[in-house]
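Report on the following structure.
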Amino acid sequence: MRADLPAFLRRMASEPFVWGYFDCSLVIADWWLANHGIDPAAHLRGAYDSRESCHARLDREGGLLRLVARLARSVDAARIDDPAPGAFAIVRAQGTHLAAICTPGLRWAIKSDHSVLVTSSVHPVAMWSV
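Here it is, written out as structure tokens:
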């Protein structure tokens, strides 16, 4: 299965942000699910409902980078060194780790509580192919 990246990015921008269901972290699990039919973060859905409870959950999981790396290993996602359209990553912006998806233009799409930020002004910390 290979999901339509531009269509998924439009969905990222149009669907409402909901903590624990369709948020800035779970969007990369949604992208994996759209491509493979498996939700690597199913156990996290509904496990938090606010910024505070999300951060508390991430703290218990060792942080966003460790959590995503563990979930990526659980579904055999391959680490990559160079960005590619559709790749997912943990990027760093202003000292904060964020989940992102690489766009066809090799920029990073990050779900925000109002829409999607598409930028090249972040540093990829770890990347995986979808």
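With the working numbering, the residue at position 55 of the sequence shown is 60, and numbering never jumps. Each residue gets a CB set at the ideal place from its N, CA and C atoms; glycine is no exception.
Cβ shell of PRO129 (< 6 Å), same chain only, five flanking positions each side left out: Locating residue 129 in the sequence shown gives position 124, counting from the first residue. If we look at PRO129 and ignore the five residues flanking it on each side, its Cβ neighbours are ALA94 and VAL96.
Simplified DSSP state of ARG56, which is helix, strand or coil: By 1-based counting over the sequence shown, the position of residue 56 is 51. Note: ARG56 maps to helix in three-state DSSP.
Cβ pair VAL80, ILE33 closer than 8 Å: The residue you call residue 80 lines up with position 75 of the sequence shown. The residue you call residue 33 lines up with position 28 of the sequence shown. Not a contact, by the Cβ cut-off of 8 Å.
Under the three-state DSSP convention, the category ALA18 falls into: For the purposes of this step, residue 18 is identified with residue 13 of the sequence shown, where counting begins at 1. ALA18: helix per DSSP, three-state reduction.
Touching by the beta-carbon criterion (3+ pairs, under 8 Å), the segment 102-113 and the segment 61-74: yes
Rounded separation between PHE22 and ARG112 - CA only: As a working mapping, residue 22 is identified with position 17 in the sequence shown. As a working mapping, residue 112 is identified with position 107 in the sequence shown. Spanning the two alpha carbons is a distance of roughly 21 Å.
Cβ separation of ALA83 and SER134, assumed to be a contact under 8 Å, to the nearest whole Å: Taking the sequence shown and counting its residues from 1, one reaches residue 83 at position 78. Taking the sequence shown and counting its residues from 1, one reaches residue 134 at position 129. That belief holds up - the Cβ atoms of ALA83 and SER134 are roughly 5 Å apart, short of 8 Å.
Three-state secondary structure (DSSP) of PRO129: Position 124 of the sequence shown holds residue 129. It is a strand residue.
Unbroken beta strand (DSSP E) run spanning ILE33, endpoints: Position 28 of the sequence shown holds residue 33. No beta strand (DSSP E) contains ILE33, which is instead part of the alpha helix (DSSP H) from 32-41.
Cβ pair ALA39, ALA8 closer than 8 Å: Within the sequence shown, numbered from 1, the residue matching residue 39 stands at position 34. Within the sequence shown, numbered from 1, the residue matching residue 8 stands at position 3. In contact: ALA39 and ALA8 (Cβ atoms closer than 8 Å).
For ARG84, three-class secondary structure by DSSP: As a first step, residue 84 must be located in the sequence shown, where it is residue number 79. Of the three classes helix, strand and coil, the one that applies to ARG84 here is strand, per DSSP.
Delimiting residues of the beta strand (DSSP E) encompassing VAL121: Here residue 121 is taken as the residue at index 116 of the sequence shown, counted from 1. From DSSP, the beta strand (DSSP E) with VAL121 extends over 121-124.
Closest Cα partner of LEU10 within the set SER19, ALA92 and LYS116: The residue given as residue 10 occupies position 5 in the sequence shown. When each option's Cα is compared against that of LEU10, the closest is ALA92.
Secondary structure of ARG49, DSSP reduced to three states: Residue mapping note: residue 49 aligns to position 44 of the sequence shown, counting from 1. In the sequence as presented, Arg is not what sits at residue 49; that position holds Leu. DSSP places LEU49 in the helix class (H, G or I) of the three-state scheme.
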